[in-house]
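Asks: Protein chains in written order, with our numbering: chain A, 1214 to 1753; chain B, 169 to 539. Beta carbons: idealized from backbone N, C-alpha and C, even for Gly. Got a structure for you, written out below as structure tokens; questions coming shortly.
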């Protein structure tokens, strides 16, 4: 039995993490929903045909986005998980880059791409269609599938597949009947996250969807911020919550039902150098990633370098030099980079600590585990405006007025990062083969020792995967940093936004250059975090 | 033992909450609300003591996200008064005003910068401001002083106008809004959604001011038939569809001051701006500052409002925000004088008319443009 001290520590940890969620999410959101309560408005909104069309469109576009993202992400995840090839770590970091780019930057790249390839005039008019939204969602979210499914896949023992092949099953058959069921916990887990991201996607829908495509999220934003109509926004907010809870609960139940204990092995023992058909598959997967992620990013690089007098680094140099008579930014671009990084480190630390505890709690199959899982995923599925507005009215009575504290920004970013760490950790913990723990116990290890020797190494690899995501999210996060930001300390996304708010070649060029820098920072940071993962995995 | 699945319990919880919430809400209907420019019967803040009275006080100013002044500017204020100013920015003006309405009486800041004439009455009707008559108002043109009760103080103005890229036009340049509906300009104009963009709203209001409350719908039908493009925001229009960012549209809804920015930030440098603002299309935007009701420091806040209207800050804003100072004594930068980016006869509508019709107009607009 664990001692009293460790039990107290566990209760304290759970209370702290629960308190975090309560103060920074549950309380704000219920305050704003309460503030906007109105039976007559609710009846009116629910009675409108338009509302149901919006709900339907929101649902189908997010389900379709999730399905396509899974299909596109799997081959890339497979290549990264199973094959040893040069540039593998770089590829994994590369697909994460879109995750952090401001939507408006990506959208202008998309618009210019469809312009260049003639996709914006009849017969193919891409912008303004549901397809444009779906493609952009795949572009943004493919990293979720590649990284979390890939990470899970890489430590699965490949003996069952080898057995199936020996018994005469083909590749496809083996995948469908052996690999896919084994991957299901991880597939479901990333599907839930991609779904939530697409469900509450804002910029993509607004910019690429045109006037016709509105979702619950964009409508909540419109009513709350532009119409100051908190009643309609709150009604839509309740609808959004109900849909998210139902979807998540279904997902969680499937996960619980399907969870299988897996024999894990260090990735180095399973991966191999591809030959023959596998080589072709690898080329295909890498090619897919390069086209999907690489082409829009290449457009940004190209634009950042096409200065008034030919290609060059003029805009990059100009970023560092903001002391001209008429500066475009309050500080040099490099200072913005520094600001972004320091916010992101704080947010990542919070997200990692909270997310790890939440992951351990939610890995239990008991009720507390399931409720924890859903509760911490909710912020991903809740309108950012409602959370932000809720904080404004909920956190003003506190002993100190929290609303204007600087740390509210990394806290809000961490709220979005927590689910990644949590899901990553809980999926890993649930998949631990109990016989591993039993074996350790039989050999005389104390429960604490079993935890330390078995659970911790496996979980810590998952923590690192989640932390990399949390970091990427905070670097690129825009909503929380505009929510009561300090203009003299702009982050990279707010600086890009500011530059894109100005006419003039220099403004646009510097915005593109800063976007490219944001890409490079993210890529590098993810690579560095992954190095830590190698060290951790080495303990196994 | 059978336990109901967690999602049943969770959604049960949500439904119960909803029912409780709704049961309590029926009593919240209020009497006929006071109109925007009815007398609010509020006492104005007054202070004429030593400006150093509040030395050491910290003030917070709430502004929209594109607010920006040189760092040294507020240091000057600190030298004069000993008051430290922290600027917090929200998102766009609509979001900022909604936040202030939400937190009315319990504001996140002491002073707000930037509520404009299109949102003014929304703020005034929600009683978010405390009146204050700044002595510097005598340097401000009368037509900018839109609130007779001085709950807000004008701090800057600008014109929202149609711009065109001269060399990208096939034929002659348009001379009026009406021209844009002519076949010659088919597929060449991009504007913004008035519900998500200030210039977009400016253009819609221009057309209502120009064609009347019953005439603008017909104009927009013709515009829509003429291959109009609508972007959600200024950046998407200017850098996504307009030629400036590689798009193929030669006419865009923007600001009267945009050509100056095109001149200053040109690469390589140019002699004259590549774009021209069509000055007959402009909607006049006026922005105000106000002391937020419920602040703990109304008198210190009144000193800040004076400072916002003083030449020190007013002369700093043209190049930082590309708007005009409200204080006529503030000296304009030479580029602003030379390229005179203002309309002689801007279009305008009264703030209370805008507030009363805004939702109705945007709904009609959406229907016309989507049809």
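Between the stretch 1402-1422 of chain A and the stretch 492-502 of chain B, do at least 3 Cβ pairs fall closer than 8 angstroms?
Replies: Taking 8 angstroms as the limit for Cβ pairs, the verdict is that the stretch 492-502 of chain B does not touch the stretch 1402-1422 of chain A.
Asks: So, are the CB atoms of residue 415 (chain B) and residue 330 (chain B) less than 9 angstroms apart?
Replies: Cβ atoms of residue 415 (chain B) and residue 330 (chain B): not closer than 9 angstroms.
Asks: For the stretch 266-297 of chain B, list every residue whose C-beta sits within 7 angstroms of some C-beta in chain A, in sequence order.
Replies: Here the close residues are 266, 267, 269, 270, 271, 274, 276, 290.
Asks: Closer than 8 angstroms by beta-carbon distance: list the chain B residues that pair up with residue 1321 (chain A), in chain order.
Replies: Within 8 angstroms Cβ-Cβ: 403, 404, 407, 408, 413.
Asks: Please compile the residues from chain A whose C-beta is within a distance smaller than 7 angstroms of the C-beta of residue 262 (chain B).
Replies: Neighbours of residue 262 (chain B) on chain A, chain order: 1438, 1439.
Asks: Distance check for residue 1714 (chain A) and residue 1752 (chain A), CA to CA, integer angstroms please.
Replies: Reliability fails at residue 1752 (chain A), whose pLDDT of 35 lies under 50, so the model's placement of it is uncertain and no value is given.
Asks: Whose C-beta lies closer than 7 angstroms to the C-beta of residue 1709 (chain A) among residues of the same chain, with five residues either side of it excluded?
Replies: Around residue 1709 (chain A): 1315, 1318, 1724, 1727, 1728.
Asks: Return the residue from the list A:1563, A:1497, A:1509, A:1684 that minimises the CA-CA distance to residue 1290 (chain A).
Replies: With distances taken between Cα atoms, residue 1290 (chain A) lies closest to A:1497.
Asks: Can you tell me whether residue 360 (chain B) is helix, strand or coil according to DSSP?
Replies: Three-state DSSP puts residue 360 (chain B) in a strand.
Asks: Answer yes or no: does any C-beta atom of chain A fall closer than 9 angstroms to that of residue 517 (chain B)?
Replies: It does not; no Cβ of chain A falls within 9 angstroms.
Asks: Our contact map puts residue 397 (chain B) next to residue 417 (chain B) with C-beta atoms below 8 angstroms; I'd like the distance itself, whole angstroms only.
Replies: Confirmed, about 6 angstroms.
Asks: If you draw a straight line from the alpha carbon of residue 1520 (chain A) to that of residue 1526 (chain A), how long is it in whole angstroms?
Replies: Using only the alpha carbons, I get a separation of about 8 angstroms.
Asks: Have a look at residue 404 (chain B) and residue 1535 (chain A) and give me their C-alpha separation to the nearest angstrom.
Replies: Going from the Cα of residue 404 (chain B) to the Cα of residue 1535 (chain A) covers about 25 angstroms.
Asks: Closer than 8 angstroms is the cut-off here; do at least three beta carbon pairs connect the stretch 1669-1680 of chain A with the stretch 1638-1653 of chain A?
Replies: These segments touch.
Asks: Smallest Cα separation from residue 1163 (chain A): which of A:1629, A:1716, A:1721, A:1706?
Replies: Absent from the structure is residue 1163 (chain A), since the part of chain A shown begins at 1214 and ends at 1753.
Asks: Could you check what DSSP says for residue 1281 (chain A) in three-state terms: helix, strand or coil?
Replies: Here residue 1281 (chain A) sits in helix by DSSP.
Asks: Within 10 Å of its beta-carbon, does residue 303 (chain B) have 16 or more other beta-carbons around it, so buried, or fewer, so exposed?
Replies: Flag for residue 303 (chain B) reads exposed.
Asks: Looking at the unbroken beta strand (DSSP E) that takes in residue 397 (chain B), where does it start and where does it end?
Replies: Element bounds for residue 397 (chain B): 397-399.
Asks: Which value, in whole angstroms, describes the spacing of the CA atoms of residue 1742 (chain A) and residue 1681 (chain A)?
Replies: So the two alpha carbons sit approximately 6 angstroms from each other.
Asks: Keeping to the same chain, check which residues put their C-beta closer than 7 angstroms to that of residue 538 (chain B); ignore five residues upstream and five downstream.
Replies: Closer than 7 angstroms at Cβ, skipping near neighbours: no residue.
Asks: Below 7 angstroms CB to CB, which residues in the same chain sit around residue 1628 (chain A) once its five sequence neighbours on both sides are set aside?
Replies: Closer than 7 angstroms at Cβ, skipping near neighbours: 1237, 1238, 1592.
Asks: Name the two residues that bound the continuous alpha helix (DSSP H) containing residue 1416 (chain A).
Replies: 1416-1421 is the extent of the alpha helix (DSSP H) around residue 1416 (chain A).
Asks: Which ranges would you report for the alpha helix (DSSP H) in the stretch 1369-1450 of chain A if only whole runs of at least 4 residues count?
Replies: Here the runs fully enclosed are 1372-1379, 1384-1387, 1393-1412, 1416-1421, 1429-1434.
Asks: Would you say residue 413 (chain B) and residue 364 (chain B) are within 9 angstroms of each other, going by their C-beta atoms?
Replies: No, the pair does not count as a contact, with Cβ atoms beyond the cut-off.
Asks: Hey, is residue 427 (chain B)'s beta-carbon within less than 9 angstroms of any beta-carbon in chain A?
Replies: Cβ-Cβ to chain A under 9 angstroms: yes for residue 427 (chain B).
Asks: What are the partner residues of residue 1526 (chain A), as DSSP defines its beta bridges?
Replies: BP columns for residue 1526 (chain A) are empty, so no partner.
Asks: Using DSSP's beta-bridge definition, name the partner residues of residue 331 (chain B).
Replies: Its beta-bridge partners are B:420, B:445.
Asks: Is the shortest distance between the beta-carbon of residue 1700 (chain A) and the beta-carbons of chain B less than 9 angstroms?
Replies: Yes, because at least one Cβ of chain B sits closer than 9 angstroms to the Cβ of residue 1700 (chain A).
Asks: Whose CA, out of A:1365, A:1706, A:1378, lies closest to the CA of residue 1553 (chain A)?
Replies: Comparing Cα-Cα distances from residue 1553 (chain A) to each of A:1365, A:1706, A:1378, the minimum goes to A:1706.
Asks: Mind checking whether residue 1278 (chain A) and residue 1450 (chain A) have CB atoms under 9 angstroms apart?
Replies: Contact flag unset, no.
Asks: Taking 9 angstroms as the threshold (beta carbon to beta carbon), is residue 1522 (chain A) in contact with chain C?
Replies: The structure shown contains no chain C; its protein chains are A and B.
Asks: Grab me the residues of residue 1557 (chain A)'s own chain with a C-beta within less than 6 angstroms of its C-beta, minus the 5 sequence neighbours each way, in chain order.
Replies: Within the same chain, residue 1557 (chain A) has close Cβ partners 1684, 1687, 1688.
Asks: Does DSSP put residue 229 (chain B) in a helix, a strand or coil?
Replies: Here residue 229 (chain B) sits in strand by DSSP.
Asks: Tell me the start and end of each unbroken beta strand (DSSP E) in the stretch 252-296 of chain B that is at least 3 residues and wholly inside, in chain order.
Replies: Qualifying beta strand (DSSP E) stretches, in chain order: 252-257, 279-284.
Asks: Please name the residue in A:1663, A:1698, A:1658, A:1594 whose C-alpha comes closest to that of residue 1431 (chain A).
Replies: Comparing Cα positions, the closest option is A:1594.
Asks: Just to confirm my understanding: we take residue 1486 (chain A), look at its own chain, exclude 5 residues before and 5 after, and list those with CB closer than 8 angstroms. What are they?
Replies: Cβ neighbours of residue 1486 (chain A) beyond the five flanking positions: 1296, 1297, 1298.
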